[in-house]
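**Q** Dropping a structure here in structure tokens format, bear with me for questions.
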Amino acid sequence: ESTGSESKMVYRYLGNSGLKVSILGFGNWITGHDPKAEETQIECIKKAYELGVNFFDTAEIYGDGEAEKIMGKAIKELPCERKDIVLTTKIFKCGADVNGTFLSRKHITEAVQNSLDRLGVEYVDVLFCHRPDENTPLEETIKAMNWAIDEGLTFYWATSEWSAAKIAEAMEICKRLKLHKPICDQCEYSALMRTNFEKNLRHSYETYKYGTTIWSPLAGGILTGKYNDGNIPEDTRYKDNAYVSSVILQKYFGPKVKENTLRILNGLKEIADENNVSMAQLCLAWTLVNKDTSTCIFGASKVSQVEDNMKALDLALNWTKELEEKIETLMDNTPETDLDYNKWTKAEGRRSLRVDYDMKIEPMAALWTTFVSSSE
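The opening residue of the sequence shown carries number 1 in UniProt numbering; numbering runs sequentially from there.
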């Protein structure tokens, strides 16, 4: 039986830490908290591990804790020990209790134990602050996250959708108080959503070696090719979802942006066809080759979707400057950079400096065999 330890995968360090994560990770935000789909979701997680994924992400808010329960059941069925995977969860809100939300010391202290109970584990590898909390003193939040580390409930703490300024403030507090610093941000990044990741967080990468666990790499499914005519197919989860219709689809198909979005989508489909890959695989690979991506989180409601998404790694391993330039020219949405006053010209875009044209994979089992052999 094939297991994750025998499968080929690219691993990257998660920010300025010694923790290595697969560049493709599995998360159960959209699909992982429906009890009726529990069996299928467990099979998806098992397939992801079999194909080399070691990073599994969930959150207390997903289905009010149901996603954590399903994730916990799934990892117990994996053919590995707990130490062989990187398990993460996120804290911010679960339920309607007046103190059951946000990033107070009380909520963090209680929420982390509740999450561990639902997951059925003694610790998570990374504990995220799911969003910034502007009402709780940041020092209080940081001390609570450090308490979780000191108690052995997590090894690292991290942020999600925090601004570069907020991250910098947290870093300075940690430095002043000699506390554990956050290691990464879980932020949105896709071919259609670039500015925050490539421009706004640039200071965090360059100053703190901050890592990222990116979410929505397919723009909520928009980059799968299903929406290339601008309409919602009958068989998608968006058809009867009021939130998606009012927020997500408006973001990409609103009257001011629809024409340009459709131009990009159909152009990407042509490029995908030219390279004999699906549009989803092309767009996933586009995020993977950016070395600022520590891991790219995808979800799936079918095992076949896991298998299809994992094939993006093959394209990433063969990424070329010609392909990169063709996509950039088509999309024409590179974030504008600030002025480099030393040269009195616009600074070079962060992505152009970080695309990996020489990505390599090696089975983790082979690495250990090589080490043992060289030690004899």
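Even glycine gets a Cβ: it sits at the ideal position worked out from N, Cα and C.
In this text the structure is predicted, and so the values were computed from the model without any measurement.
#1: So which of Ser190, Arg194, Thr207 and Asn231 has the shortest CA-CA distance to Cys184?
#2: Report yes if the CB atom of Pro217 is closer than 9 angstroms to the CB atom of Leu284, and no otherwise.
#3: Kindly indicate the opening and closing residues of the alpha helix (DSSP H) around Cys44.
#4: Please list the segments of the beta strand (DSSP E) lying wholly inside the segment 208-254, counting only runs of 3 or more residues, in order along the chain.
#5: Among the residues of its own chain, which have a CB less than 8 angstroms from the CB of Met193, if the five just before and after it don't count?
#6: Are Ala144 and Thr109 touching if we call contact CB-CB under 9 angstroms?
#7: Tell me which residues share the same chain as Lys291 and place their Cβ nearer than 8 angstroms to its Cβ, disregarding the 5 neighbours each side in the sequence.
#8: Under DSSP, the beta strand (DSSP E) around Ser157 begins and ends at which residues?
#9: Cα-Cα, which of Ile167, Lys311, Met171 and Asn196 is closest to Met9?
#10: Nearest CA to the CA of Leu14: which residue from Thr212, Glu328 and Val53?
#11: Cα separation between Tyr227 and Glu328?
#12: With H, G and I counted as helix, E and B as strand and the rest as coil, what does DSSP make of Thr3?
#13: Is it true that the segment 139-154 meets the segment 111-118, where meeting means three or more beta-carbon pairs spaced less than 8 angstroms apart?
#14: Since Thr40 contacts Ser301 with CB under 8 angstroms, what's their CB separation in whole angstroms?
#15: Expressed to the nearest angstrom, what Euclidean distance is found between the alpha-carbon atoms of Leu138 and Thr345?
#16: Going by DSSP in three states, Val257 sits in which element: helix, strand or coil?
#17: Looking only at its own chain, which residues have a Cβ that is under 7 angstroms from the Cβ of Glu324, when we skip the five neighbours before and after it?
#18: May I ask you to report which of helix, strand or coil DSSP gives Thr27?
#19: Compute the Euclidean distance between the alpha carbons of Ala165 and Gly254, then round it to the nearest angstrom.
#20: State buried or exposed for Ala96, treating a residue as buried only when at least 16 other CB atoms are found within 10 Å of its CB.
#21: I'd like the list of long-range same chain contacts for Leu330, defined as Cβ closer than 6 angstroms, with 5 residues on each side in sequence excluded.
#22: Go ahead and label Lys69 buried or exposed: buried means 16 or more other beta carbons lie within 10 angstroms of its beta carbon, across all protein chains shown.
#23: Provide the residue span of the beta strand (DSSP E) that contains Ser22, from first to last.
**A** Let me lay it out:
#1: Thr207
#2: yes
#3: Glu38 to Glu50
#4: 211-214
#5: Ser216 and Ala219
#6: yes
#7: Arg12, Arg354, Val355 and Asp356
#8: Sequence check: residue 157 is Trp here, not Ser. From DSSP, the beta strand (DSSP E) with Trp157 extends over Thr154 to Ser160.
#9: Lys311
#10: Thr212
#11: 21 angstroms
#12: A caution first: Thr3 carries a pLDDT of 44, below 50, which makes its placement in the model unreliable, though a value can still be read off. In this structure, Thr3 counts as coil in the three-state DSSP scheme.
#13: yes
#14: 7 angstroms
#15: 37 angstroms
#16: coil
#17: Val355
#18: The displayed chain sequence assigns Gly, not Thr, to residue 27. Strand at Gly27.
#19: 30 angstroms
#20: exposed
#21: Gly267
#22: buried
#23: Lys20 to Ser22
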